[in-house]
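Chemist: Quick note: the sequence shown, position 69, residue 69 per the numbering used here, numbers continuous. Positions of the beta carbon are idealized from the N, C-alpha and C atoms, including for glycine. Submitted below is the structure of interest, expressed as structure tokens.
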Amino acid sequence: MKNKQKAVLNFLFALLLLFTGISTEAQTPDRSLKKADSLYNQKQYTQSLEIYGDLLSKGLYSQSILLKMAFIHEGLGNISESLYYLNLYYLASNDETALVKMNEMADKHHLIGYKTTQTRQAFSLLREYHSTITGLLSGIAALIFGLMIYNRKREKSTMPLAIMMLFMLAIIFSHINYSLDPHLGIVHRNSTYLMSGPSAGASVIGILNEGHLLDLEDKKDVWVHVKWMNEDAYIREDQILRIEL
């Protein structure tokens, strides 16, 4: 009997530790954010930046955090990092003023790749209306399914509708699961070599300073295939800040 009671007590104690741990873990990011915001308001920017960066690395971010990080890095003269966080802020917010700010910084530092394109605006619209488009596509799929049931009851062929249904489901799957953002990256370091191929032995076709915005194509080993001035080039992955949340 005593052994059973001891086992029950141990079990309850383990549960208590578990829930206490969960509660503490859930509260930690909130405390960290308050501390970072307090440091930021006291103009202790580098200290707050460290905490914001830690939160972001854990996937805990907000539009405000990204904007503050961009501001701090700009003040520190870290152009590529500032533009990187402005890009992340734009992904999170679709705030057009972020594009204006990035264009201003690009003009000031003679950087290429920041002119707003129709493609990027289209991706922005898709992000903004993502839920609406998902609902509309789901509604169409439900309507097709209803017509399939109706035709089946009337003993009519459902094959054309079944094909349409599969097509709609494929569209919905792609819409939900694939990125709505163009694959972009920012050159992170000065004197970054653009190579003609994915090899250290390839010829150098250009040397870039930090801050330029590149279209990313694919990756081979440690090399990223990029577009520079509409030409193919390769750059080491550790020289690129990928713009993705």
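Round the Cβ separation of G185 and R242 to the nearest angstrom and send it over; I've been treating them as touching at under 8 Å.
Modeler: That belief holds up - the Cβ atoms of G185 and R242 are roughly 5 Å apart, short of 8 Å.
Chemist: Could you pull the DSSP bridge partners for E231 from this structure?
Modeler: Looking at the DSSP assignment, E231 forms a beta bridge with W228.
Chemist: Grab the span of the beta strand (DSSP E) containing V256 for me, first residue to last.
Modeler: No information on residue 256 is available, as it lies outside the stretch 1 to 245 that the chain covers here.
Chemist: Please state the DSSP three-state secondary structure of T192.
Modeler: In the structure shown, T192 sits in a strand (DSSP, three-state: E or B).
Chemist: Using a threshold of 6 Å, is the CB atom of D30 nearer than that to any non-hydrogen atom of the ligand NAP?
Modeler: Annotation note on the ligand NAP: not contained in the displayed structure, which lists no ligands.
Chemist: For V187, which residues does DSSP report across the bridge?
Modeler: The partner list for V187 (beta bridge, DSSP) reads I240.
Chemist: State the beta-bridge partners of D37 as determined by DSSP.
Modeler: D37 is not bridged to any residue.
Chemist: Strictly by DSSP, which residues pair up with K299?
Modeler: This structure gives no information on residue 299, because the portion of the chain shown stretches from 1 to 245.
Chemist: Please check the pair L49 and G211, which I expect to be a contact at CB under 8 Å, by giving their CB distance rounded to whole angstroms.
Modeler: Rounded, the Cβ-Cβ distance is 19 Å, inconsistent with contact.
Chemist: Does DSSP put L60 in a helix, in a strand, or in coil?
Modeler: Coil, per DSSP.
Chemist: What ranges does the beta strand (DSSP E) occupy inside the stretch 95-170, keeping only unbroken runs of at least 3 residues that lie completely in it?
Modeler: You should have found no qualifying run.
Chemist: Taking the C-alpha atoms as reference points, what is the distance between I172 and S138?
Modeler: Answer to the nearest angstrom: the Cα atoms are 7 Å apart.
Chemist: Between M102 and S93, what straight-line distance do the alpha-carbon atoms span, to the nearest angstrom?
Modeler: Cα-Cα distance, rounded: 14 Å.
Chemist: Given this structure, state the Cα-to-Cα distance separating K153 from S174, to the nearest angstrom.
Modeler: Rounded to whole angstroms, K153 to S174 spans 31 Å at the Cα level.
Chemist: Please go through the same chain and pick out, in chain order, the residues whose beta-carbon is closer than 8 Å to the beta-carbon of S32, but skip the five residues on each side of it.
Modeler: If we look at S32 and ignore the five residues flanking it on each side, its Cβ neighbours are I51, D54 and L55.
Chemist: Please report the straight-line C-alpha distance between S62 and M69, rounded to a whole angstrom.
Modeler: About 11 Å.
Chemist: Based on the DSSP output, what are the partners of D215 in its beta bridges?
Modeler: Bridge partners of D215: L184 and K227.
Chemist: Just reading off the alpha helix (DSSP H) that L245 is part of, what are its end residues?
Modeler: Looking at the DSSP string, L245 is not in any alpha helix (DSSP H), and its letter there is neither H nor E.
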